[in-house]
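Each remark here refers to the structure printed beneath this line.
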Amino acid sequence: MMLRSVITGALALLVATSVHATTLKLASDIDLLVLDGRKISGSLLKGAEGLELEQGQHQVLFRVEKNLKKDAQMAAPWVSTPLIVTFTTQAKSVTITLPPLLTVRQGKAFDKHPEFQLLDEHGAVVESQQDHLMARPDTNYEQVMVLYNLKGNVASVPRFAQPQTSHSPVSQGSQDFASGNHAGNRVLQLWYHQVDSATRQRFVMLMRALRTS
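Going left to right, the sequence shown walks through residues -21 to -1, 1 to 192 as mature numbering (1 follows the signal peptide of the UniProt record, and there is no 0) numbers them.
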């Protein structure tokens, strides 16, 4: 009974916040690394066409991964330099739009001068600040972004450099349903890590109210 109440409350919160949410649409060749200072799990994004974000300011670290033509008969895997984009939006959706990337030559040119746009649902350009990282593939991108955001770079957002502590709403909320192997717990945990921070905080308040009732 308790689990059913929690799921019902969580779904109600999700519906209520989706009215004021922005969908970040992701092409299949975009690998999202860090969102708003937090590392993103690839398993949560597998098969997803986008992420629901609260409207407002966001910072995304991503890279492009695809096969590019070396010549008419051969292709080679290519991974772009990690790219940073910071933007503020009230739009219903935001899409990361890349230039044509079909050949190795185009990939190399993109790495030297990465140019891309953010477009809203009407095709209008969303103003953004863009930068890139010089980092190895095995880099801890979450830690790198903390340092980046503290240095006042062109796309820095200092508040996203705040450390995640064990007393944060995210950690507390995860602990509320992390124990046990019930399928409902696993569904809630996946849902919790995909929604925005405002929804997480309201979920934590709901859990506390249920525990004290």
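For every residue, glycine included, the Cβ atom is placed at its ideal position computed from N, Cα and C.
Worksheet item: Skipping 5 residues on each side, what residues in its chain have a beta carbon closer than 7 Å to that of Asp90?
Response: Residue mapping note: residue 90 aligns to position 111 of the sequence shown, counting from 1. Ser59 and Thr60, listed in sequence order.
Discussion item. For the segment 91 to 105 against the segment 121 to 133, do three or more pairs of beta-carbon atoms, one drawn from each stretch, fall closer than 8 Å, so that the two count as touching?
Written reply: no
Worksheet item: Asp15 by DSSP, collapsed to three states: which one?
Response: For the purposes of this step, residue 15 is taken as the residue at position 36 of the sequence shown. It is coil, neither helix nor strand.
Item to complete: Specify the secondary structure class of Gln34 as computed by DSSP and reduced to three states.
Response: Taking the first residue of the sequence shown as position 1, residue 34 is located at position 55. DSSP places Gln34 in coil when its eight states are reduced to three.
Worksheet item: So is Ala6 buried or exposed if we call it buried at 16+ other beta carbons inside 10 Å?
Response: Counted from its first residue, the sequence shown places residue 6 at position 27. Its Cβ having fewer than 16 others within 10 Å, Ala6 is exposed.
Fill in: Thr2 vs Gly35 beta-carbon contact at 9 Å
Counting from one through the sequence shown, the residue named residue 2 turns up at place 23. Counting from one through the sequence shown, the residue named residue 35 turns up at place 56. Not a contact, by the Cβ cut-off of 9 Å.
Discussion item. Please give the ranges of any beta strand (DSSP E) in the segment 49 to 115, keeping only runs that are unbroken, at least 3 residues long and fully inside the region.
Written reply: 54 to 58, 62 to 68, 72 to 76, 96 to 99 and 107 to 111
Discussion item. Can you look up Glu121 in the DSSP assignment and give me helix, strand or coil?
Written reply: Taking the first residue of the sequence shown as 1, we reach residue 121 at position 142. Glu121 falls in the helix class under three-state DSSP.
Item to complete: Could you tell me the boundaries of the beta strand (DSSP E) in which Leu3 lies?
Response: In the sequence shown, the residue the question calls residue 3 occupies position 24. Note, Leu3: beta strand (DSSP E), Ala(-1) to Lys4.
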